[in-house]
Structures are given as structure tokens and as C-alpha cells.
Amino acid sequence: MPVADVPVLIMLVGIAAYVVLGGADFGSSFWSLTARGKLGGEIREHTHRSMAPVWEANHVWLIFVLVVCWTAYPEVFGSIFSTLWIPLIIACLGIIMRAVSYVVGGVADERGVVILSAISSFITPFALGTVVGAIVSGRVPVGNAQGDLVSSWLNPTSIMIGVMAVTVCAYVAAVYLAGDAKRNGSEEIAEAFRRRGLGAGLVAGAVAAIGIAVMHNDAREIYDGLTSGAGLVAVLASAVAGLATIAFLWMRRYELARFCAAGAVIAVVAGWGIAQSPDILPGLTVSDAAAADNVIIGLLVCIAVGMLILIPSLLLLYGLVLGGRFDPGSDRNTVVETRVGPMTELGGPRPRSVVAVLGVAGVGALMSIAFSSGAPLYIGIAMVLAALAIGCVMLAVTLVTAEESD
Amino acid sequence: MLASVSSAFPAVDQDYLLEARQMQALSFAVHIPLVCFGVAFPAMVIFTEWLGYRTGKAHYTAIAKRWSKVMITLFAAGVVTGTLLSFELGILWPGFMSAFGEVFGLAFGLEGFSFFIEAIFIAIYVYGWDRLSPKRHLLAGIPVMVAGFTGSWMVIAVNAWMNAPSGFDVVNGDVVNVQPWSALFGNGHLWPQLIHMYLAAYIVVGFSIAGVYAFAWLKGRRGPYFRTAMVIPLAIACLAAPTQLLIGDWSARNVAEDQPIKLAAFEGLYKTTEGAPETILGWYEPDGSIKYGIEIPKLLSLLAYHDPNATVQGLDTVPEEDRPPINVVRIAFQTMVGIGTMLVALAAWFLFVFYRKKRIPETKWFYRAVIAAGPAAVVALIAGWVTTEVGRQPWVVYGVMRTEEAVTGAEGIIFGYTALVLVYLVLAGSTFWVLRRIARTPFTPEIAALEEGPGTAGAKGPESGGKAGHDAGS
Chain A
1 MPVADVPVLI
11 MLVGIAAYVV
21 LGGADFGSSF
31 WSLTARGKLG
41 GEIREHTHRS
51 MAPVWEANHV
61 WLIFVLVVCW
71 TAYPEVFGSI
81 FSTLWIPLII
91 ACLGIIMRAV
101 SYVVGGVADE
111 RGVVILSAIS
121 SFITPFALGT
131 VVGAIVSGRV
141 PVGNAQGDLV
151 SSWLNPTSIM
161 IGVMAVTVCA
171 YVAAVYLAGD
181 AKRNGSEEIA
191 EAFRRRGLGA
201 GLVAGAVAAI
211 GIAVMHNDAR
221 EIYDGLTSGA
231 GLVAVLASAV
241 AGLATIAFLW
251 MRRYELARFC
261 AAGAVIAVVA
271 GWGIAQSPDI
281 LPGLTVSDAA
291 AADNVIIGLL
301 VCIAVGMLIL
311 IPSLLLLYGL
321 VLGGRFDPGS
331 DRNTVVETRV
341 GPMTELGGPR
351 PRSVVAVLGV
361 AGVGALMSIA
371 FSSGAPLYIG
381 IAMVLAALAI
391 GCVMLAVTLV
401 TAEESD
Chain B
1 MLASVSSAFP
11 AVDQDYLLEA
21 RQMQALSFAV
31 HIPLVCFGVA
41 FPAMVIFTEW
51 LGYRTGKAHY
61 TAIAKRWSKV
71 MITLFAAGVV
81 TGTLLSFELG
91 ILWPGFMSAF
101 GEVFGLAFGL
111 EGFSFFIEAI
121 FIAIYVYGWD
131 RLSPKRHLLA
141 GIPVMVAGFT
151 GSWMVIAVNA
161 WMNAPSGFDV
171 VNGDVVNVQP
181 WSALFGNGHL
191 WPQLIHMYLA
201 AYIVVGFSIA
211 GVYAFAWLKG
221 RRGPYFRTAM
231 VIPLAIACLA
241 APTQLLIGDW
251 SARNVAEDQP
261 IKLAAFEGLY
271 KTTEGAPETI
281 LGWYEPDGSI
291 KYGIEIPKLL
301 SLLAYHDPNA
311 TVQGLDTVPE
321 EDRPPINVVR
331 IAFQTMVGIG
341 TMLVALAAWF
351 LFVFYRKKRI
361 PETKWFYRAV
371 IAAGPAAVVA
381 LIAGWVTTEV
391 GRQPWVVYGV
401 MRTEEAVTGA
411 EGIIFGYTAL
421 VLVYLVLAGS
431 TFWVLRRIAR
441 TPFTPEIAAL
451 EEGPGTAGAK
461 GPESGGKAGH
471 DAGS
């Protein structure tokens with residue numbers, strides 16, 4: 001595979017991760033809105049608690065995809081974002097409103113917040129779905145805002161993919177929350193989400209089937225790609241994984257259902273990539289759109305190094321969340337140790353140390369003033385900053401201990 | 001296919017270039033103060049937690065706990081306003097992104113990972129109180145602090161590159177021979193700009209947080225909890241502010257070197273002058289003079305080149321269409337420098353009183369000044385960004401690509417701008433509301449006893465000492 005094609009694969013992985021993880025986030029607020037009656041409050045609380053520690057990280061996947069796009073395929077990014085600015089800004093404002101509802105929802109259970117969150121969670125996946133629809137149906141020409149501002153994203157394929165995005169979000173959210181409730185020991189909530197997951201899964205399947213029919217008329221090229229060769233294999237794999245999710249939900253095997261739901265999403269995204277290749281935009285192939293090889297290799301190195309840090313960190317976070325360490329009440333059974341350290345009294349710094357720090361700062365400052373470039377300048381600045389850091393600690397410790405010796 | 005400056009996306013006719021720039025500016029003005037809290041606040045929270053860990057005193061831990069809630073709230077607002085910025089790069093400036101995305105994109109890739117790490121560990125930190133062992137909890141804060149730094153490092157690398165572009169060649173309007181690593185990290189503007197911003201973050205956060213507790217102080221809440229929560233950020237801000245003078249000087253020397261027209265705009269210097277004077281206040285007139293300004297001979301040459309007789313290049317050396325809007329840049333620059341100087345004076349006041357009397361100042365005016373210092377520092381921060389960003393105009397990539405060549409050709413941007421303003425009002429209102437809610441959360445009985453209980457704090461020094469100060473001040 002040419003190096004120019006690798007970033008597009010990474011973008012597809014990022015999109016799949018965003019649909020599965022960010023999608024669960026959007027879907028969960030749909031369920032918060034529709035939760036009523038006796039269980040309503042509990043469902044909302046469960047939803048908030050399950051998503052709150054992970055939602056920020058889940059949304060970074062979107063930024064990740066954008067960054068890879070504009071580095072590796074700058075013209076593609078410029079073309080998509082200028083033509084499709086309306087749905088994109090709608091999606092983005094939706095994400096901002098989603099954050100508002102999270103932040104406010106953390107301290108208050110207000111009906112208005114739930115509605116705000118549900119609206120934003122509906123419009124964001126819908127708008128992003130229409131963007132995908134515009135790209136797959138070839139409505140984004142290369143160039144600065146060369147496509148139609150409205151029909152590029154308000155067309156049968158876009159609307160269909162938008163609706164599908166919304167249903168898929170509801171579906172992955174229900175599956176995730178059912179599993180999380182079971183782990184948490186809330187059987188009743190798990191059952192509620194199991195029913196929701198089954199319903200949403202059936203709806204998502206039906207929307208997907210209608211979608212294929214819509215694309216037959218509206219986006220023939222992508223239809224052909226999805227109904228033949230490797231594209232067809234991906235579509236069938238997605239269908240099988242979708243059916244398996246429903247079966248596992250039925251059997252209350254939530255862990256397996258989660259993986260299958262993710263698999264169904266990944267297969268659809270893969271099918272999209274296969275069906276659209278080698279073109280990324282009409283008349284522009286992936287390799288033609290790609291930046292110079294050294295840039296792509298640099299990007300891949302960054303991603304590889306970044307992933308070495310990111311993956312263990314993500315595993316740690318999900319391990320803690322899925323292991324129930326952040327559940328309410330877990331502080332009573334997990335940590336035996338109290339928050340008390342060596343219990344030493346802190347004293348202010350010795351005068352000698354203060355003089356030394358001031359000396360380093362003074363010499364560094366003189367060096368940085370006297371030299372306008374080169375090593376002496378940088379060494380001078382480094383000395384000043386080191387003295388500043390140590391000085392801050394010294395002064396803060398002195399001030400807080402002065403309070404106690406008053 | 002290589003992107004090109006002039007031919008990839010032909011020039012467009014955008015009637016709303018100014019609105020597009022305002023929309024971008026508004027987004028930055030909202031995002032950057034939030035970034036400060038992502039960059040500088042974690043260090044203060046971790047330090048305070050460490051104090052509690054070292055001494056076993058409950059009020060330190062209580063402060064760190066409450067601050068961490070503020071931190072994640074502001075981080076959430078930072079995440080989404082940052083997402084908007086990355087959207088806007090494409091929505092508003094497709095010409096810029098298409099031509100140069102490959103030159104600076106790597107930095108955003110690394111920034112994305114920083115963002116990931118910060119989001120992950122901030123969650124572990126905030127949700128992990130009393131659930132992780134104290135030592136692990138403290139350790140979970142370190143990646144937040146580091147990622148806050150690396151993230152800002154990467155973004156500033158891109159901005160420094162826009163100011164001093166390198167690492168590519170333009171051949172017949174095409175950007176070729178792209179060397180992203182040297183473009184981003186071999187740039188002389190990177191370090192002064194980064195450190196200038198990094199210190200600014202500590203100054204903004206330090207004074208803002210201290211201001212909240214200075215307000216409490218004036219209201220008579222002066223127990224150990226409130227006092228500690230004020231002096232820690234105040235100590236940091238008061239040492240960072242004078243250091244900023246030095247870094248700002250370094251930054252200005254870089255501008256003088258590489259962007260002489262920007263420097264001339266800072267100062268409103270029309271004619272190239274040997275031993276150029278510094279003019280304070282006043283208004284730049286179209287004829288190149290400064291009305292109502294106070295002139296200090298030779299100071300500009302001294303500041304910009306550390307030589308009172310150095311020659312400073314004037315605005316008249318380039319055609320008018322290559323000059324930034326002088327008054328915007330000049331007023332923003334003077335605002336930044338003026339506020340910065342006043343913050344240094346406040347810091348000097350604090351440090352002098354503490355050095356001489358071994359206590360913090362007692363007059364009410366000091367606390368009023370600290371309350372004002374937080375918003376003033378935010379104004380200085382934004383004025384600083386206006387200085388550098390508007391000062392770079394009419395270029396988006398200094399000397400290479402004009403902003404008008406970068407802008408979108410799409411219609412209706414003005415509606416997006418309006419929608420954004422409305423959504424930001426909601427964001428600002430609800431963030432403020434949540435912060436108030438956090439501030440009003442009742443203390444645990446232990447801290448409440450420490451703060452308000454008659455037998456504990458009142459009998460010891462701080463509470464009565466505070467009362468004395470209150471009386472002395474009034």
C-alpha cells in the first residue's frame with residue numbers, strides 16, 4: 001500500500017471510534033430525554049454517571065480525524081469544510097451545547113438541561129451524518145466552497161445517513177449503558193436499556209436497509225461499491241454483527257453485545273472506505289490529494305508515538321470506569337488508606353536557598369538581556385524559569401506556613 | 001499533487017472577510033482564557049494536594065478537591081471551544097488550510113494527543129478522589145500538567161510558524177519541498193512566544209483564583225481555607241508577573257528582528273528612525289503622526305535592540321496595503337504592556353510587604369486590587385493576542401499568504417457568526433452558573449469547623465489576625 005493511503009485508513013479508524021464512543025455519548029442523552037416514570041430519574045443519573053468520566057476523551061476522536069485530514073489531505077479538508085460549512089457549524093454548536101448540558105447536568109437535574117442535551121445530541125450526529133452523505137454522494141467538488149451550500153447536504157443520501165447516525169448513536173448507547181448497569185448491579189436499569197437496545201437495533205437495521213435503497217437512486221457509485229466485491233463483504237459483515245448484537249442483547253450477554261455493536265459500526269465504515277476508493281472527492285484520488293511523502297511519514301511517526309502513550313492511558317481510564325472504581329460508594333470499599341501522607345511539618349526555605357535562587361534568577365536575567373541569540377540567551381532564560389519554578393514553591397510554602405505560625 | 005499558494009484554490013470574492021476574522025477572533029478570545037486554566041491550573045491544584053499529602057491538613061486537600069471541580073468544568077468548556085476552532089480553520093480559512101495544512105499539520109497531530117492525554121487524566125484525577133490511593137491520585141495529576149504544556153507548545157509552534165514561516169519553498173505559486181519538522185520546531189519565534197504565553201497563563205489563573213478569595217477576604221471569610229486558597233495562586237502570579245517583563249522583552253526583540261512592520265505598528269512609527277523614541281498613549285493619525293502621545297526619546301531603540309541609537313524600521317518602508325491596522329495593534333499592545341506593568345506593581349507591593357513585615361498586606365485596597373487583577377490579566381492576555389494576530393495582518397502567513405487569499409468563498413458566514421455569538425452567551429452563562437454552584441457547595445464538617453467553628457480557628461491566630469486586618473483596613 002502506498003504511504004499516501006495510510007492516513008485515510010487511520011481516519012476511518014478514528015471515525016469508527018468516534019461513532020462507537022462519541023456516538024454512545026450522544027445516544028445516552030436521547031435516552032435521558034425519553035426516560036420517564038418511576039425509573040426516569042435513575043436512568044438519567046445512571047446515564048450521566050456512566051458517561052461523565054469518558055465523554056471528553058470520546059470527543060477528542062473527532063478532532064483527531066480532522067487533524068489527520070488537514071495534514072495528510074489538506075485540499076480535501078479545505079473543500080469539505082468550505083462547501084459543508086452549514087452542517088459542520090451546526091454539528092459544532094451542537095457539541096458546545098452538549099458540553100453545556102454536561103457541565104450543568106453535573107450539578108443539577110433540570111428538565112431544561114435534559115432537553116438541551118437531547119436536542120444537541122440529535123442535531124450533532126444528524127449534521128455529521130449529512131456531511132458523510134455529501135461526501136459519499138459526490139456532492140463536494142474540489143475547491144473553495146465550490147459545492148452547493150444547501151443541496152450538498154440536504155439531499156436523500158445525506159438525510160438518510162443523518163437519520164442513520166442518530167439511530168446508531170441511540171443503539172450503541174443503549175448497549176453500552178445496559179452493560180454498565182449490569183456491572184453496577186442495577187438489574188432494573190440494565191433491563192430497561194436492554195429493551196431500548198433491542199428496539200433501537202431493529203430501527204437502525206431498518207434505516208440501513210432503506211438507506212441502501214435510497215443510495216441506489218441517489219448515489220449510484222457508492223451503491224455499486226457497497227453491493228459488489230469487498231464492499232459487499234463489509235456490508236454483510238456489518239449486518240451479521242448487527243444481528244449478533246441483538247442476539248447477545250436478547251441473551252443478556254452485554255459484554256459480547258458491546259463488541260458486536262462496535263464491529264457492526266467498524267464494518268460499515270470500512271465498507272464506505274472500500275466503496276469510495278480510490279477517490280476521496282469527485283475526480284481526486286487519495287494519492288493525488290495526499291501531502292508529500294515526508295509529511296505523511298512524519299505524521300505516521302507522530303501517530304505511532306502518540307498511540308504508544310494514548311492506548312495505555314485509554315485502557316487505564318476505561319479500566320477504572322468499567323471496573324466500577326468511579327461508581328458511587330466505591331470510595332467506601334476500595335480505598336483503605338486515608339489521605340494522609342508523611343505528616344511532616346513544612347518549614348519555609350532557608351535564607352541561603354532564597355539567596356541562591358535569587359542569584360540564579362539575576363544571572364539568568366542579565367544573560368538573557370545581554371545576548372540576543374544563541375546558547376547564552378537560552379541558558380539565561382532557562383535559569384530564570386528554573387528559579388521561577390523553585391521560587392514559586394518556596395514562596396507558596398512560606399506563605400501557607402506563615403499562616404500557621406502567626 | 002502539491003498544494004499551492006495561488007492556484008490550488010483560486011482567489012474568491014468574500015464580502016464578509018472582516019466578519020470571518022471577527023468570528024475567528026471571538027472564538028479565540030473565548031478559548032484562550034479557558035486554555036490558561038488547562039495549562040496553569042493543574043500545577044496549582046497538584047501543589048495544593050501535595051501540601052495536604054505532606055502535612056495531613058484537611059483544608060489543603062479540600063481546596064485541591066474543590067479546585068479540581070472548577071478545573072474540569074473549565075476544561076470541558078475548553079474542549080468544545082477548541083473543537084470549534086479546529087472546525088473554523090476549515091470553515092473560514094480553506095485557502096490557508098489547503099495550501100499549508102501539510103506544513104504545520106503535524107503539530108496539531110501532537111496537540112491532539114496532548115488533548116487526549118489531558119482529557120483522560122483530568123477525568124481520572126477528578127473522579128478518582130478517594131477512590132485511588134493518595135499517591136496514585138497525586139501521580140494522575142502529573143500527565144494533566146505535562147499535557148497542558150505540550151498542547152500549548154504545539155499550538156504555539158503553528159502560530160510561531162505563521163509569524164516566521166519557513167520549511168517550504170514557493171515555486172511558481174506552489175508550496176514545495178515541505179520540511180514540517182524544521183518549519184515547526186526550528187523556529188526562533190517558538191520559544192519566546194511559548195514561554196510568554198505559558199507565563200501569561202499562570203498570571204491569568206493566579207490572579208483570577210486569588211481574586212475570588214480576595215473577595216471572600218473582604219467579606220470577612222479569612223480562615224485557613226480561604227487564606228491558603230488565596231496565597232498559593234497569588235504567590236505564583238506575583239513571581240510570574242515580573243518574569244514576564246523579561247520574556248516580553250525577548251519576544252519584542254524577536255518581532256523587531258523578523259517582523260519589523262509589526263513592531264512599527266506596535267509603536268505607530270511611520271518613518272524609519274535612528275534612536276527612535278517610544279510614544280505612550282495617543283492616537284495614530286493617517287499622516288503618520290501620533291496625536292496626544294507622550295514621547296520618551298530613544299526608548300524604542302533601546303527596548304527593541306538594546307541600543308539607544310539603533311535604527312528602527314518605519315511603516316513607510318512598505319506600501320500601505322502591506323500594513324496592519326495601526327491603531328488596533330498599537331492600542332492592544334499598549335493595553336497589554338500597561339496592564340502588565342500594573343500587575344508587576346501589585347506583585348511588588350505584595351512581595352515588599354511580605355518581605356518587610358512577614359505578613360500579607362492588610363489594607364482593603366490590596367484585596368480590591370487583587371480582585372481587579374484577574375479580569376485585568378485576561379484583558380492583557382487577549383490584548384496580547386490581538387497585538388500579535390492583528391499585527392501580522394494583512395498576512396495569514398507572514399509575507400507569504402494574505403488573509404484575503406485564505407478566506408472561504410462560501411456565502412452566509414455572517415449567520416454562522418450570529419449563531420456562534422448566541423451559543424457562546426449560553427456557554428458563558430451556564431459556566432458561570434456552575435462555578436457559582438461549586439463555590440456554594442457546603443464544606444465537609446471538618447473544614448466547616450476549621451473555618452467557622454468558634455473553638456478552633458478563631459482562638460488561634462489566623463481568624464483573629466484576619467479580623468485585625470479587617471479593622472486596620474477600614
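Taken in sequence, the protein lines are chains A and B. Residue 1 is where the first sequence starts when you use my numbering, and the numbers rise one by one after that. Residue 1 is where the second sequence starts when you use my numbering, and the numbers rise one by one after that. Even glycine gets a Cβ: it sits at the ideal position worked out from N, Cα and C. Values in this document were obtained by computation on a predicted structure and should not be read as measured data.
| query | result |
| --- | --- |
| Strictly below 9 Å CB to CB, what residues from chain B border A/Arg325? | Tyr127, Gly128, Arg131 and Leu132 |
| Does the Cβ of B/Val171 have 16 or more other Cβ atoms within 10 Å, making it buried, or fewer, making it exposed? | exposed |
| Quick check on DSSP: helix, strand or coil for A/Tyr223? | helix |
| Looking at the C-beta of A/Tyr18, does it have a partner C-beta in chain B at a distance below 8 Å? | no |
| Grab me the residues of B/Gly101's own chain with a C-beta within less than 7 Å of its C-beta, minus the 5 sequence neighbours each way, in chain order. | none |
| Using 8 Å as the Cβ pair cut-off and three pairs as the minimum, do the region 299-313 of chain B and the region 200-212 of chain B touch? | no |
| Does the separation of the CB atoms of A/Thr71 and B/Gly109 fall below 8 Å? | yes |
| Under 8 Å between C-beta atoms, does A/Ala261 make it to chain B? | no |
| I'd like to know if B/Ile209 contacts chain C, where contact means its C-beta is closer than 8 Å to some C-beta of that chain. | The question asks about chain C, but that chain is absent: this structure's protein chains are A and B. |
| Please return the same chain residues whose Cβ sits closer than 7 Å to the Cβ of B/Leu299, not counting the five positions on each side in sequence. | Pro277 and Glu278 |
| In whole angstroms, what is the alpha-carbon distance linking B/Glu320 and B/Asp258? | 19 Å |
| Can you tell which of A/Ala289, A/Thr83, A/Ser158 and A/Ala170 has its C-alpha closest to the C-alpha of A/Phe122? | A/Ala170 |
| Residues of the region 425-447 of chain B with a CB closer than 8 Å to any CB of chain A: list them in chain order, please. | Val426, Leu427, Ser430, Thr431, Trp433, Val434, Arg437 and Ile438 |
| Note down, in chain order, all residues in the region 138-151 of chain A with a beta-carbon under 9 Å from any beta-carbon belonging to chain B. | Val142, Gly143, Asn144, Ala145, Gln146 and Leu149 |
| Less than 8 Å between the CB atoms is what I'm expecting for B/Val155 and B/Glu111, so what's the real figure, rounded? | 6 Å |
| Near A/Val132, which residues of its chain fall below 7 Å by C-beta distance, leaving aside the five closest residues on each side in sequence? | Ile161 |
| Using C-beta distances below 8 Å, list every residue in its chain close to A/Val336, excluding the 5 sequence neighbours before and after it, in chain order. | Note that A/Val336 has pLDDT 44, beneath the 50 cutoff, so the model's placement of it is unreliable and the number below is only indicative. So the list is empty, once near-sequence residues are dropped. |
| If you measure between the beta carbons of A/Ser151 and A/Thr130, is that distance less than 8 Å? | no |
| Contact defined as beta carbons within less than 8 Å: I believe A/Gly179 pairs with A/Arg258. What is the distance between those atoms, to the nearest angstrom? | 5 Å |
| Check whether the Cβ atoms of A/Val286 and B/Thr431 lie closer than 8 Å to each other. | no |
| May I ask you to list, following chain order, the residues of the region 90-105 of chain B that have a beta carbon less than 9 Å from some beta carbon of chain A? | Gly90, Ile91, Leu92, Trp93, Pro94, Gly95, Phe96, Met97, Ser98, Ala99, Phe100, Gly101, Glu102, Val103, Phe104 and Gly105 |
| Pop quiz: B/Val144 and B/Tyr125 are said to be a contact at Cβ under 8 Å. What is the actual Cβ separation, rounded to whole angstroms? | 6 Å |
| My output table needs one value for B/Gly466: the three-state DSSP class, helix, strand or coil. | Low confidence applies to B/Gly466: its pLDDT is 35, below 50, so where it sits in the model is not reliable, and the reading given next is rough at best. B/Gly466 falls in the helix class under three-state DSSP. |
| From B/Gly282, B/Tyr284, B/Gly288 and B/Leu281, pick the residue whose C-alpha is nearest to that of B/Thr272; which is it? | B/Gly288 |
| Looking at the ligand ZN, does it come within less than 7 Å of B/Phe415, judged from the CB to the closest heavy atom? | As far as ligands go, the structure on display features none, and thus does not contain the ligand ZN. |
| Closer than 9 Å, Cβ to Cβ, to anything on chain B: give me those residues from the region 17-40 of chain A, in chain order. | none |
| Cβ closer than 9 Å: which chain B residues qualify as neighbours of A/Tyr102? | Ala76 |
| Runs of 3 residues minimum, wholly inside the region 166-251 of chain B: which ones carry the beta strand (DSSP E) assignment? | 169-171 and 174-176 |
| What residues in the region 45-62 of chain A bring their beta carbon closer than 8 Å to a beta carbon of chain B? | Ala52, Pro53, Val54, Glu56, Ala57, His59, Val60 and Leu62 |
| What is the rounded straight-line gap between the Cα of B/Leu190 and the Cα of A/Val20? | 37 Å |
| What is the C-beta distance between A/Tyr73 and A/Ala239, in whole angstroms, given that I count them as a contact (C-beta under 8 Å)? | Incorrect: roughly 30 Å between the Cβ atoms, too far for contact. |
| Please report the Cβ distance between A/Trp61 and A/Ala118, rounded to the nearest whole angstrom; I am assuming they are in contact, meaning their Cβ atoms lie under 8 Å. | With 8 Å as the limit, A/Trp61 and A/Ala118 do not qualify as a contact, their Cβ atoms being about 22 Å apart. |
| Look up B/Ala311 in the DSSP assignment and give the residues it is bridged to. | Checking the displayed sequence, the identity of residue 311 of chain B turns out to be Thr instead of Ala. Note: B/Thr311 sits in a beta bridge opposite B/Glu274. |
| Nearest CA to the CA of A/Arg183: which residue from A/Val360, A/Phe326 and A/Gly112? | A/Phe326 |
| Considering only C-alpha positions, which residue in the set B/Ala348, B/Pro180, B/Pro165 and B/Pro233 is nearest to B/Pro242? | B/Ala348 |
| Taking 8 Å as the threshold (beta carbon to beta carbon), is A/Thr71 in contact with chain B? | yes |
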